[in-house]
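Shown next, in structure tokens, is the structure this report addresses.
Residue numbers (UniProt numbering), protein chains in the order written: chain S, 1 to 525; chain A, 1 to 126.
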């Protein structure tokens, strides 16, 4: 990520210590890493001020919990009948009616679930993990990378296209063949411009280790880690390594496209998930954190008005009854995709800045399988099946109920135009589409399928998209505008962070804004 | 963000006979109707109606740019649909549900496509 321009712009729009601190951390190369590890200390208390918080997703819950703890009088207005925002988990009885769609009622068995919103927490999202720890939410490891999983690439050619191949085979062969070639070049003096004799010796040693090269010729013949025809066993069973693929076959399969020496920072292996589903995190705020009693559910914001003394929010509840809620300040976590259709009374430039944020169409489907064939037949425990079929994106095997009887896997995870397209299908046809593809990878897929639950986030009321996206231009032009309060209203959410689409972005955005709000309220008191 | 994001966003597999013009109505149903709804009526507060929409029947270049590059919650279709498919889809919309505007030929999409696209970061995956 390029820091300079962004850092400069944010310096211009700095709202206080938190922003400066974030910038400081970014200057030290923290980049998109979740930069803050603890909530801001709101010293001096709330002094009887009332804050109205719009939205009970993680940004709203964070705001309510921290401001409440500091002595502010907080009320959270939530459109849905439950808290969590996008941090939802579909389990037995969970209902979703997409705009223009039929009602789905999740029919999974007890204990089965799919996190159709956020589903994994990178180890460096310290803010999310802060609340996991604070509320004692039980977590388990989420396997974000599995060398034993399959890849299924459809757009390449040759013997390895259009068939499931193990990631470890592709990784070993690409690295082995590549190292083999470089070793030959180095030995033949073709790299003498790049290195001296001492360098070359170290380089060859590195290539041998990285690419499993053998002997003085530094040849690649395979690696035991890439797999076996016969696995080592008792007695005389020494094991027989599987033969390697030809370099050309691997290249033309195109499966190498998912290889990289190190994954992106937010996709590294060590991740967590709450036991039982991601909704356990918002439930931590609601129950252990005591925020639940401050939430007014099934209440939709219709209008925001403010003057020099305070804010007034017009709402309508589930019975169609209208009322107004008054406060000194407001934290608004409503996604911009939704907020732009609400009568906010915001200034024209502020509204124009809101239009700069695009929202991602995103689709996911959970498929309950009566048997964990990926574990039983293929020894794949968690991780993802990568494919270049962009309407599927990936299949992900569950990191929960290991070795259990049934399991619920993620059958697709697609974006943008692909998500728009798949979302045009009925829930039943989406399931059929997902199962038909999965059958190509796993022979037992279709016969094991029991029931599905799907979401198209762009069609979900109160969200209208999976997450906010900023073009470089809009990030420079519009984003800084929205970090500033609009009068007494502060916007917060993943869309106002550089950790967009992650819960950490929502939490840290809330931390930033409550810090700014608190400093202002303290100065005014 | 190579992992399983946009690096291999590819052409949608639409079964079209080799020499037939793309079916704008079918393309609309597959790619647009999930949000804009089957009769282009949209959903108030969420998805704009395309029926009797002044922008839709207006400047062909602006319409083409919007479909190619996306806008707000609408994805860019430059990678998933070809120019003749885009032309058929948009022309269908411009002549349906009370809209009465001339078709937009594929050449307009080709011309707008070569223009500088507003830079969007590669799709992050969460």
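Ideal placement from N, C-alpha and C gives every residue a C-beta, glycine not left out. From a predicted model like this one, the values you see are computed outputs, not experimental measurements.
Assuming the contact rule is C-beta atoms closer than 8 Å, residue 53 of chain S and residue 60 of chain S should be a hit. Round their C-beta distance to whole Å, please. Your numbering for residue 53 of chain S matches position 53 in the first chain. Your numbering for residue 60 of chain S matches position 60 in the first chain. 5 Å between Cβ atoms; contact.
Residues of the segment 464-478 of chain S whose Cβ lies closer than 9 Å to any Cβ of chain A, in chain order: 464, 465, 466, 467, 469, 470, 471, 472, 473, 474, 475
Neighbouring residues, chain S, relative to residue 75 of chain A (Cβ below 9 Å): Indexing the second chain from 1 puts residue 75 of chain A at position 75. Chain S residues near residue 75 of chain A: 358, 360, 361, 415, 416, 417, 418, 419, 420, 458.
Just the Cα atoms here: how many angstroms apart are residue 259 of chain S and residue 212 of chain S? Numbered from its first residue, the first chain carries residue 259 of chain S at position 259. Numbered from its first residue, the first chain carries residue 212 of chain S at position 212. If I take the Cα positions, the gap works out to 17 Å.
Between the Cα of residue 42 of chain A and those of A:93, A:63, A:62, A:26, spot the shortest distance and give me the residue it belongs to. The sequence position of residue 42 of chain A within the second chain is 42, counting from 1. Minimum Cα distance to residue 42 of chain A is reached at A:93.
Of the residues S:288, S:511, S:165, S:458, which one's Cα is nearest the Cα of residue 97 of chain S? Numbered from its first residue, the first chain carries residue 97 of chain S at position 97. The residue with the shortest Cα to Cα distance from residue 97 of chain S is S:458.
What separation, rounded to the nearest whole angstrom, lies between the Cα atoms of residue 104 of chain A and residue 59 of chain A? Position 104 of the second chain, counting from 1, holds the residue named residue 104 of chain A. Position 59 of the second chain, counting from 1, holds the residue named residue 59 of chain A. Those two C-alpha atoms are separated by around 10 Å.
Residue closest to residue 23 of chain A, alpha-carbon to alpha-carbon, out of A:56, A:50, A:91: Against the second chain, residue 23 of chain A aligns to sequence position 23. Considering only alpha carbons, the answer is A:91.
Counting pairs of beta carbons, one from the segment 355-366 of chain S and one from the segment 446-460 of chain S, are three or more of them closer than 8 Å? yes
Residues of chain S with CB closer than 8 Å to the CB of residue 26 of chain A, please, in chain order. Counting from one through the second chain, the residue named residue 26 of chain A turns up at place 26. Within chain S, no residue comes near residue 26 of chain A; the closest Cβ sits about 11 Å away, beyond 8 Å.
Starting from residue 33 of chain A, trace the beta strand (DSSP E) both ways and give me its first and last residue. Stepping through the second chain from its first residue, residue 33 of chain A is reached at position 33. First-last for residue 33 of chain A: 33-36, but that is the alpha helix (DSSP H), not the beta strand (DSSP E).
Check the Cβ of residue 423 of chain S against every Cβ in chain A and list those closer than 7 Å, keeping chain order. Here residue 423 of chain S is taken as the residue at index 423 of the first chain, counted from 1. The answer, in chain order, is 34.
Buried or exposed (CB count within 10 angstroms, at least 16 for buried), residue 354 of chain S: Residue numbering aside, residue 354 of chain S sits at position 354 when the first chain is read from its first letter. Buried, because 16 or more other Cβ atoms sit within 10 Å of the Cβ of residue 354 of chain S.
Nearest to residue 206 of chain S by CA position, among S:104, S:352, S:180, S:489, is which residue? Along the first chain, one-based indexing puts residue 206 of chain S at 206. It is S:180 whose Cα lies nearest to the Cα of residue 206 of chain S.
Check each residue of the segment 486-507 of chain S: if its Cβ is closer than 8 Å to any Cβ of chain A, include it; give the result in chain order. 500, 501, 502
Indicate whether residue 81 of chain S and residue 298 of chain S have their beta-carbon atoms separated by less than 8 Å. If you number the first chain from 1, residue 81 of chain S lands on position 81. If you number the first chain from 1, residue 298 of chain S lands on position 298. Going by C-beta atoms, residue 81 of chain S is nearer than 8 Å to residue 298 of chain S.
List, in chain order, every chain S residue whose beta-carbon is nearer than 7 Å to that of residue 70 of chain A. Stepping through the second chain from its first residue, residue 70 of chain A is reached at position 70. What residue 70 of chain A touches in chain S: 358.
Determine whether the beta carbon atoms of residue 102 of chain S and residue 426 of chain S lie at a separation below 8 Å. Within the first chain, the letter at position 102 stands for residue 102 of chain S. Within the first chain, the letter at position 426 stands for residue 426 of chain S. For residue 102 of chain S and residue 426 of chain S, yes; Cβs fall inside 8 Å.
According to the Cβ coordinates, are residue 380 of chain S and residue 146 of chain S closer than 8 Å? Within the first chain, numbered from 1, the residue matching residue 380 of chain S stands at position 380. Within the first chain, numbered from 1, the residue matching residue 146 of chain S stands at position 146. Closer than 8 Å, so yes.
Going along chain B, which residues have a C-beta under 8 Å from residue 355 of chain S? The question asks about chain B, but that chain is absent: this structure's protein chains are S and A.
How many Å lie between residue 210 of chain S and residue 73 of chain S at the Cα? Taking the first chain and counting its residues from 1, one reaches residue 210 of chain S at position 210. Taking the first chain and counting its residues from 1, one reaches residue 73 of chain S at position 73. So the alpha carbons of these two residues sit roughly 59 Å apart.
Top-ranked residue by Cα proximity to residue 293 of chain S, from S:510, S:83, S:495: Within the first chain, numbered from 1, the residue matching residue 293 of chain S stands at position 293. With distances taken between Cα atoms, residue 293 of chain S lies closest to S:83.
Name the DSSP beta bridge partners of residue 475 of chain S, please? By 1-based counting over the first chain, the position of residue 475 of chain S is 475. Answer is none; residue 475 of chain S lacks a bridge partner.
Rank S:398, S:483, S:171 by C-alpha distance to the C-alpha of residue 262 of chain S and give the top, closest one. Numbered from 1 along the first chain, position 262 holds the residue referred to as residue 262 of chain S. If we check each option's Cα against that of residue 262 of chain S, S:171 comes out closest.
Go through its chain and collect everything with a Cβ distance to residue 346 of chain S's Cβ below 7 Å, but skip five positions before and after it. By one-based count along the first chain, residue 346 of chain S stands at place 346. So the qualifying residues of the chain are 486.
Give the interface partners of residue 80 of chain A over in chain S, defined as CB-CB distance under 9 Å, in chain order. The residue you call residue 80 of chain A lines up with position 80 of the second chain. Those within 9 Å of residue 80 of chain A in chain S are 390, 416, 417, 418, 420, 421.
Run through DSSP, which three-state label would residue 565 of chain S get? Residue 565 of chain S cannot be examined here, being either before or after the span of chain S that is shown, 1 to 525.
Give a yes or no on whether the minimum CB-CB distance between residue 31 of chain A and chain S is below 8 Å. In the second chain, residue 31 of chain A corresponds to position 31, counting from 1. By this cut-off, residue 31 of chain A is an interface position.
Should residue 274 of chain S be flagged as near chain A, meaning a C-beta pair shorter than 8 Å? Counting from one through the first chain, the residue named residue 274 of chain S turns up at place 274. Output row for residue 274 of chain S: interface = no.
8 Å CB neighbourhood of residue 240 of chain S in its chain, flanking five on each side removed: As a working mapping, residue 240 of chain S is identified with position 240 in the first chain. Cβ neighbours of residue 240 of chain S beyond the five flanking positions: 228, 229, 230.
Opposing strand residues paired with residue 74 of chain S [DSSP bridges]: To locate residue 74 of chain S, count along the first chain from 1; it is residue 74. Answer is S:51.
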